[in-house]
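Working notes, beginning with the structure itself.
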Amino acid sequence: MVALKEFRYAGQQLIPGNAFEARDRDVRLLKAIGNAQIDDDADASDGQEQKGSPAPAKRTYKRRDMKAE
């Protein structure tokens, strides 16, 4: 499995992108709550997505400074 979010599993702190082994019971749970996904299909799909157009950039916060009157 590959971690999608930062969380602790089996005594290890996992960050997004870390690969790890999980028991069958835990696989179902981690997929259901969105903390991890199965590693097998992720490798093939990631390679195809990277070749295509990049994801749109996130908007940046428009800063507006307050002025004293």
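Heads up, the working numbering is the position in the sequence shown plus 2, with the first residue counted as 1. We put the CB at the ideal spot given by N, CA and C, even for glycine.
Is the beta carbon of D41 sitting closer than 9 Å to the one on M68? Walking along the sequence shown from the start, residue 41 turns up at place 39. Walking along the sequence shown from the start, residue 68 turns up at place 66. No, they are not a contact pair.
Quick one: what does DSSP say R66 is sitting in, helix, strand or coil? Translated into positions along the sequence shown, residue 66 becomes position 64. Residue state, collapsed to three classes: coil.
Identify, in the order they occur along the chain, each residue of the same chain with its Cβ nearer than 8 Å to the Cβ of K64, setting aside the five sequence neighbours on each side. Start at 1 with the first residue of the sequence shown, and residue 64 comes out as number 62. Cβ within range, chain order: n/a, list empty.
Am I right that A5 and G19 are in contact with their C-beta atoms under 8 Å? What's the rounded C-beta distance? The count along the sequence shown starts at 1 and reaches residue 5 at position 3. The count along the sequence shown starts at 1 and reaches residue 19 at position 17. About 7 Å; that satisfies the 8 Å criterion.
Suppose the cutoff is 8 Å on Cβ atoms and the five residues either side in sequence are ignored; what does the same chain contact list for Q39 look like? The residue you call residue 39 lines up with position 37 of the sequence shown. Within its own chain, the residues whose Cβ lies closer than 8 Å to the Cβ of Q39, once the five positions on either side in sequence are excluded, are M3, V4, L6 and K33, listed in chain order.
Reference R25, options L16, A12, G36 and N37, closest by Cα: On the sequence shown, residue 25 is found 23 positions in, with the first residue counted as 1. Checking every option, the nearest Cα to that of R25 belongs to A12.
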